[in-house]
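Reviewing the structure listed below.
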Amino acid sequence: MHRICKLTATALIATMAVSAEAADSPASPVIEDAWIRALPGDLPAAGYFSIHNLGDAPRQLTRADTPEFAGAMLHLSSEQDGQSQMQHVDGVTVAAHGRVSFRPGSYHLMLMHAKAPLTIGSKVPIALHFDDGSSVVVPFIVKGASATAY
């Protein structure tokens, strides 16, 4: 009986420690509607998705990588004086409890040099890395060149 009480107490303490650790760790961002617009030939593809930060502190997406492409960069498309522009960005900050959408004409992942031809409907794993050292691997569904949304 004494041994059962000791085991129960040990299990209870361990559970409390794990719960406290989970409460102290930042909430993982939720990634939704992840897709890739595939273009013909060796043209770069673009990755789109939305990030919902469930945490109480801002999170910054700092980079992305995938085994399916030679390179992946964070880009921002904009229009200035009637001209479309695209620029590399070092990071994208998502406010606490905020949301940022990567969509055509805005933020996107520039995916360069596919290692194999993309197949419409297939999924490409892309790792999204954040400034706190965390990362999440997300399956991006491949869509055709005429796709405009998830």
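All the letters of the sequence shown, read from the start, carry residue numbers -22 to -1, 1 to 128 under mature numbering (1 follows the signal peptide of the UniProt record, and there is no 0).
Backbone N, C-alpha and C fix where the C-beta goes; we use that ideal spot for every residue, glycine too.
According to the neighbour-count rule (16 or more other Cβ atoms, all chains shown, within 10 Å of its Cβ), is residue i buried or exposed?
i      : result
Gly25  : buried
Pro7   : buried
Leu39  : buried
Phe118 : buried
His50  : Here residue 50 turns out to be Ala, not His, going by the sequence shown. With 16 or more Cβ atoms within 10 Å of its Cβ, Ala50 is classed as buried.
Quick check on the DSSP output: the beta strand (DSSP E) that includes residue i runs from which residue to which?
i      : result
Lys121 : 113 to 121
Ala73  : Per DSSP, Ala73 belongs to no beta strand (DSSP E) and is neither H nor E.
Glu46  : First-last for Glu46: undefined, no H or E at that position.
Gly33  : Segment: none, Gly33 is in no beta strand (DSSP E) and carries neither H nor E.
Asp11  : 8 to 15
Ser62  : 61 to 66
Using a Cβ-Cβ cutoff of less than 6 angstroms, which residues in the same chain neighbour residue i once the five nearest sequence positions on both sides are dropped?
i      : result
Asp110 : none
Ala125 : Arg15
Ala12  : Phe27, Val116, Phe118
Tyr128 : Asp11, Trp13
Using C-beta distances below 8 angstroms, list every residue in its chain close to residue i, excluding the 5 sequence neighbours before and after it, in chain order.
i     : result
Lys93 : Pro45, Glu46, Phe47, Ala48
Pro18 : Ala123
Ala1  : Any answer about Ala1 is weak, because its pLDDT of 42 lies below 50 and its placement is not dependable; what the coordinates show is given next. Counting only Cβ-Cβ distances below 8 angstroms, and skipping sequence neighbours, we find nothing.
Name, in chain order, the residues that DSSP records as bridge partners for residue i.
i     : result
Ala42 : Leu106
Ser84 : DSSP output for Ser84 lists no bridge partner at all.
**Contact the stretch 65 to 84 vs the stretch 38 to 57: 3+ CB pairs below 8 angstroms** = yes
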